[in-house]
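A.B. asks: Chains Z and W supply the protein sequences, listed in that same order.
Quick note: the first sequence, position 364, residue 364 per our numbering, numbers continuous.
Each number in our numbering comes from the position in the second sequence (counting from 1) with 1000 added on.
Glycine included, every Cβ here is placed at the ideal spot set by N, Cα and C.
Source: prediction; values computed, not measured.
Number of protein chains: 2
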Amino acid sequence: MLSAARAAARNSTALSLNEDPTHFFSTRAGHRVTRDELIAWVDQYAGTQVRELIVNVNAQRTAFDSRVWTPFWKGYDPDGPDGQPLFASLPPAGQKAFRAWIHTAWQMNEERLDHIALWLRRAREKGLSPWVSIRMNDLHNVEDERHPLHSDFWRAHPEFRRIPYRGEMRDKALDFGREEVRDYTFSLIDEVAARYSFDGIELDWMRHGFHFGPGREDEGRAHLNRFMARVRRRVGRRKIAVRVPPHPESSLRLGLDAVTWAREGNCDYVVPTNFWRTADTGMPIRLWRQLLPEACLLGAGLELGLNPYVGSRMLGGKPFGYNSLATVRGAAAAYLFEGANRIYLFNYMDSQTALEDMGEYPALLREPGSLATLRDKPRRHVVTYTDTWAPGEPAAALLPARMEAQTWRAFRLAVGPVNRDLKPVLRLGVEGEAAQWSARVNGALTERGGKAGPERPWPDCPVWTFGIPANALHDGDCVVEVTAASPGAVQWVEIAFQPVA
Amino acid sequence: MLSAARAAARNSTALSLNEDPTHFFSTRAGHRVTRDELIAWVDQYAGTQVRELIVNVNAQRTAFDSRVWTPFWKGYDPDGPDGQPLFASLPPAGQKAFRAWIHTAWQMNEERLDHIALWLRRAREKGLSPWVSIRMNDLHNVEDERHPLHSDFWRAHPEFRRIPYRGEMRDKALDFGREEVRDYTFSLIDEVAARYSFDGIELDWMRHGFHFGPGREDEGRAHLNRFMARVRRRVGRRKIAVRVPPHPESSLRLGLDAVTWAREGNCDYVVPTNFWRTADTGMPIRLWRQLLPEACLLGAGLELGLNPYVGSRMLGGKPFGYNSLATVRGAAAAYLFEGANRIYLFNYMDSQTALEDMGEYPALLREPGSLATLRDKPRRHVVTYTDTWAPGEPAAALLPARMEAQTWRAFRLAVGPVNRDLKPVLRLGVEGEAAQWSARVNGALTERGGKAGPERPWPDCPVWTFGIPANALHDGDCVVEVTAASPGAVQWVEIAFQPVA
């Protein structure tokens, strides 16, 4: 149960941080993990803005010694070679790396070192709210049917997959329209609820987001509404969170009716979020706030990636860009202003799957949880895209925007509260010659500057700067209107708040 | 005040019908309109499913003798030539036609024949609920600054337009961020509220949908929230309806926060709707239902047009397709199933702007207002698009869908409740050779038939039929998955429920 103090604090803003089920094993592989090392992992989050420390316990397999699901180390022979059956489908380098962290997981279990239990306990001691998270339908590596990550259940029941007639990744998700799948998944929730002491449990419907056959979501929705009620009965007064797609319509069309779950008292915390490649900076947080009961927490889910469109290239031709402290500040400021109670960090771990510049990690844990701590910090607002839509739903994206000469296009960016002590700058990444292009922000003509030098994250195209007049910006949504003097394509749109030199 | 019987009926389903401010004049031009003719106009709707008869009273000018706005006939000289100053900017044929209906309007006013008052009174006598509608920001013919439709106010104040730096149609809308514009518009509401006896007043924010400078919508929203409270104070217990864009997010981003209006008691009836060229068959009615208070009526707004994408061509190369009785039945069945209380017909008038086959009009007024009357009727569900998005918001559309060989695409269609006594058929309009294409509906393989013959509305490309297995369809959303054996483009997607031969 929540303490009175914690209950009072719950609607003030803060961070939630998700730790995935394999990161710790794989980054601590190669040596014997100690209790002190586990405690130190928690302690790095104590005294920061992190309130909910959310420990994920499973992908298809579990990070603990489950009796109802398949532990990561099931089938592992510590005395066998790297090429033993569990790893047989991997290439040699993969076998070695995989075996190393599976060994760590195996060894911790042999030593009865239940890091999840230890973390939850330590989190509580340090004033953090201990949570567990369950991935509802994980699909890592399903392109390899023999991959060591797959559960016995998934392997044994190809007939339970949501789409039997294709072989793409999402097709191989389990079909929650089947009672066997719901019961199998519930059994893990049941086990975790009995085994661990936590403030709340998250059901992560965004791993990997697709739980029904295309066009079967309406009947699926009815199943999940009942499923959530069953979870509530099981966990009692402990809290329930859900991760769902960015748009309420998409979520509903995917069978994930978080609004009804919250209204029926079967969920206390809703986190709209993109699935993976990029944080979505355009989520309709105000709309979610209108939909959810006031007592239901609303978290804005941020993935680690920051990419402007599907297939975009970042500086140096890289296929993947990452958020920096400055871009997280931007998204956080926008979303907290729009009514989010939490900024939810996913894949912002303490190494490996982490910020490019880990020197920024301490500040990342101490700034984006509140508008007060964000207020005087430089920040960047970047147009990205929504990556999760229901099957057959129209999908929308702003970029890339191909422009004919003398045409114009508009781009909307939520910038949150404006601090007049910082200097706002528009940055446009353009393929083509844009020296004569012009841009307006909220109707006001900007002052064309030169090309800007790179600062990560940065696109793989020239970026032009435009000075924004002091009075043009205001709190909330801003609209950038770009007029092309010559043909080209807009590939990056950003409003940055910079320190006054 | 609502009678007890009418209050009891208000949440059952029905039709609302909008009559525009010039249609009657222009279709009855060339003769002296009589009181009997006016009564007959109302009586055609009596005893049908039409419940709210919504009489629009203005564009930029008014259809009655306004003291605060500009009546249509202001500046008209009945003894002058067709080329008199009011009509000077029109081409000769336009001058003649325009003058004819302005003359009718002028003459009716001379004879103190206030058709609005008479219609409202007659509607009440005949058991219809009499409503008035006010267009908040009409932009017809603004490409001609001297056009006779423009108000004195709009002409006198180019500085009040929402975008001063371009000259496109939407740019010329009045800026509701200005107090003068709000007061000017309120003055008409005030006059109409005093002059006429009605059950409800509609504020039509979808004529033409854009009321603030780009990026100024957040401050505009605050203005409109107060404006709606002012309207409530003025009209008292009479009802207030609003027409707004299809998506709640877009509406909010345009400054039209219908959810807050309804929750604050300042609106009783919300109608999401496309603007014009096509009815939107993909509106998130379930989401609107979740957002609005239970007591607030929700209407699904249908425009007269039915077109699959921007720039699409219909049979014979025509740029514009129209709904038929069968396609209205389709959209109505889907939306009533999703929780709409009303099907709202816009531009479905009794001539001119009307169904192509007016033989269908009696049934149009008697079937789509209830699932009971729709149940056993053949109907057509056609993929269209949303035409109104906030500036800079990503816009989405399903069609046209270009397909490479061996790729697949999905299309979502809401079909409402399935009647097993009708035969479901998938129809795909394809540019390119599609004889070997295949399609699934809700995962079930369809049976490829031949090309289908035309039936209006119909696209300007070959249409292939696919038989849908009996058990594949279920109530609500359906997903069509198309696999292309060869390159081509899907231009039309339809599920039709046909009589069993």
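For a contact meaning CB atoms closer than 9 Å, what does G467 of chain Z contact in chain W?
C.D. replies: The premise fails here: G467 of chain Z is roughly 17 Å from chain W at the closest Cβ pair, so nothing lies under 9 Å.
A.B. asks: Determine, for D1280 of chain W, whether the minimum Cβ-Cβ distance to residues of chain Z falls below 8 Å.
C.D. replies: It does not: the Cβ of D1280 of chain W has no partner Cβ on chain Z nearer than 8 Å.
A.B. asks: With a threshold of 16 other CB atoms inside 10 Å of the CB of P1284 of chain W, please say whether the residue is buried or exposed.
C.D. replies: When all chains shown are included, P1284 of chain W counts as buried.
A.B. asks: I'd like to know if D1475 of chain W contacts chain Z, where contact means its C-beta is closer than 8 Å to some C-beta of that chain.
C.D. replies: Interface residue, yes.
A.B. asks: Within a Cβ cutoff of 7 Å, which residues of the same chain sit near H223 of chain Z, ignoring the five residues on either side of it in sequence?
C.D. replies: Here the set comprises F176, G177, R182.
A.B. asks: Should G1301 of chain W and Y1344 of chain W be called a contact, given that it needs their Cβ atoms to be closer than 8 Å?
C.D. replies: The answer is yes: Cβ separation under 8 Å.
A.B. asks: Could you name the residues of chain W that V479 of chain Z contacts, counting a contact when the two beta carbons are closer than 7 Å?
C.D. replies: Near V479 of chain Z (Cβ distances below 7 Å), the residues of chain W are P1214, G1215, P1391, G1392.
A.B. asks: If P1245 of chain W sits next to L1254 of chain W, beta carbons under 8 Å apart, how far is it from one beta carbon to the other, in whole angstroms?
C.D. replies: Yes, P1245 of chain W and L1254 of chain W are in contact; Cβ-Cβ is about 6 Å, under 8 Å.
A.B. asks: Would you say the beta carbon of L1297 of chain W comes nearer than 7 Å to a heavy atom of the ligand NAD?
C.D. replies: This structure lacks the ligand NAD, and indeed carries no ligand of any kind.
A.B. asks: Interface residues of chain Z around L1398 of chain W at Cβ under 7 Å?
C.D. replies: Result: P394.
A.B. asks: With a threshold of 8 Å between beta-carbons, can E1249 of chain W be considered close to chain Z, or not?
C.D. replies: By this cut-off, E1249 of chain W is an interface position.
A.B. asks: Leaving aside the five residues before and after V192 of chain Z along the sequence, list all residues of the same chain whose C-beta is less than 8 Å from its C-beta, in chain order.
C.D. replies: Excluding positions up to five away in sequence, the list reads V57, V132, I134, I201.
A.B. asks: Would you give the residue range spanned by the beta strand (DSSP E) that G330 of chain Z belongs to?
C.D. replies: Taken as a continuous stretch (DSSP letters only), G330 of chain Z belongs to no beta strand (DSSP E), being part of the alpha helix (DSSP H) at 325-337.
A.B. asks: Could you work out which residues of chain Z lie near D1218 of chain W, taking near to mean beta carbons separated by less than 8 Å?
C.D. replies: Those are H474, D475, G476, D477, listed as they occur along chain Z.
A.B. asks: Where R1195 of chain W and P1085 of chain W are concerned, what is the direct C-alpha to C-alpha distance, given to the nearest angstrom?
C.D. replies: Looking at the two C-alpha atoms, the distance is approximately 30 Å.
A.B. asks: Output the distance between the C-alpha atoms of T1013 of chain W and Y1335 of chain W, rounded to the nearest integer angstrom.
C.D. replies: Answer to the nearest angstrom: the Cα atoms are 11 Å apart.
A.B. asks: Since I163 of chain Z meets chain W, which of its residues come closer than 8 Å, beta carbon to beta carbon?
C.D. replies: Simply G1443.
A.B. asks: Using three-state DSSP, classify T1034 of chain W as helix, strand or coil.
C.D. replies: Looking at T1034 of chain W - three-state DSSP - the assignment turns out to be coil, as it is neither helix nor strand.
A.B. asks: Quick one: which residues of the region 1265-1294 of chain W get their C-beta closer than 8 Å to a C-beta of chain Z? List them in chain order.
C.D. replies: Here the close residues are G1282, P1284, R1286, L1287, Q1290, L1291.
A.B. asks: Strictly below 9 Å CB to CB, what residues from chain W border L252 of chain Z?
C.D. replies: Ordered by position in chain W, the residues that pass the 9 Å Cβ test against L252 of chain Z are P1284, R1286, L1287, Q1290.
A.B. asks: Of all the CB atoms in chain W, is at least one closer than 8 Å to the CB of A410 of chain Z?
C.D. replies: Chain W contact via Cβ: present.
A.B. asks: Among Z:L298, Z:V418, Z:V68, Z:C296, whose alpha-carbon lies nearest the alpha-carbon of R380 of chain Z?
C.D. replies: Selected option, being the one with the closest Cα: Z:V418.
A.B. asks: Taking 8 Å as the CB-CB limit, is V231 of chain Z close to chain B?
C.D. replies: Absent from the structure is chain B; the protein chains it does hold are Z and W.
A.B. asks: Given that V259 of chain Z touches chain W, what residues does it touch there, using C-beta distances under 7 Å?
C.D. replies: Chain W residues near V259 of chain Z: Q1290.
A.B. asks: Whose C-beta lies closer than 6 Å to the C-beta of A229 of chain Z among residues of the same chain, with five residues either side of it excluded?
C.D. replies: Closer than 6 Å at the Cβ level, and outside the excluded window around A229 of chain Z, lie N266.
A.B. asks: Short of 8 Å in beta carbon distance, which residues of its chain neighbour T353 of chain Z, apart from the five on each side in sequence? Order them along the chain.
C.D. replies: Cβ neighbours of T353 of chain Z beyond the five flanking positions: D20, H23, L304, N347.
A.B. asks: In terms of alpha-carbon separation, which member of Z:P457, Z:H140, Z:Y45 lies closest to S312 of chain Z?
C.D. replies: The candidate whose alpha carbon is nearest that of S312 of chain Z is Z:P457.
A.B. asks: How is S1312 of chain W classed by DSSP in three states: helix, strand or coil?
C.D. replies: Correct three-state label for S1312 of chain W: coil.
A.B. asks: When burial is assigned at 16 or more other CB atoms within 10 Å of the CB, is S16 of chain Z buried or exposed?
C.D. replies: By the neighbour-count rule (16 or more Cβ atoms within 10 Å), S16 of chain Z is buried.
A.B. asks: Out of W:H1208, W:R1216, W:F1198, which has the shortest C-alpha to C-alpha gap to G1236 of chain W?
C.D. replies: Minimum Cα distance to G1236 of chain W is reached at W:F1198.
A.B. asks: Going by beta-carbon coordinates alone, are T407 of chain Z and A485 of chain Z separated by less than 8 Å?
C.D. replies: Not in contact: T407 of chain Z and A485 of chain Z (Cβ atoms no closer than 8 Å).
A.B. asks: Could you check where the beta strand (DSSP E) with H381 of chain Z kicks off and where it finishes?
C.D. replies: 379-382 is the extent of the beta strand (DSSP E) around H381 of chain Z.
A.B. asks: Taking only the alpha-carbon atoms, compute the straight-line gap between R505 of chain Z and S129 of chain Z and give it to the nearest angstrom.
C.D. replies: Absent from the structure is residue 505 of chain Z, since the part of chain Z shown begins at 1 and ends at 501.
A.B. asks: For R329 of chain Z and E367 of chain Z, I'd like the C-alpha separation in whole angstroms.
C.D. replies: Rounded to whole angstroms, R329 of chain Z to E367 of chain Z spans 7 Å at the Cα level.
A.B. asks: Quick one: any contact between the region 463-483 of chain Z and the region 425-445 of chain Z, if contact means 3 or more CB pairs under 8 Å?
C.D. replies: Segments in contact, yes.
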